[in-house]
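Residue numbers (our numbering): 63 to 154. The beta-carbon is built from N, C-alpha and C at its ideal position, and this holds for glycine as well.
In structure tokens:
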């Protein structure tokens with residue numbers, strides 16, 4: 063069972079690193095906006111934006127998992143598109 067625990071620990075570590083990276087990015091963006099608009103974002107505001115961003119990323123990931131076998135490209139969207147309409151494209 064040590065392998066399962068190690069895998070879970072690695073997954074949690076990865077999630078923590080990703081959340082830290084998102085936190086850093088949100089913080090930098092808030093600083094940029096605050097500088098441009100001559101205002102201040104409280105720590106609570108930055109934390110709220112962070113949590114909303116992380117939750118939205120989770121929602122996007124869950125939505126993407128709903129596509130079994132890939133995405134169907136619509137006309138003009140598929141790289142090297144052949145002009146076929148929606149639902150007629152090739153699955154990737």
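Residue 114 by DSSP, collapsed to three states: which one? helix
Starting from the N-terminal side, write out each stretch of the alpha helix (DSSP H) that is 4 residues or longer and does not extend beyond the stretch 65 to 130. 105 to 127
Report the rounded CA-to-CA distance for residue 99 versus residue 126, giving the unit in angstroms. 36 Å
Minimum C-alpha distance to residue 87 - residue among 112, 70 and 117: 112
Nearest residue (CA-CA) to residue 105, options 78, 124 and 90: 90
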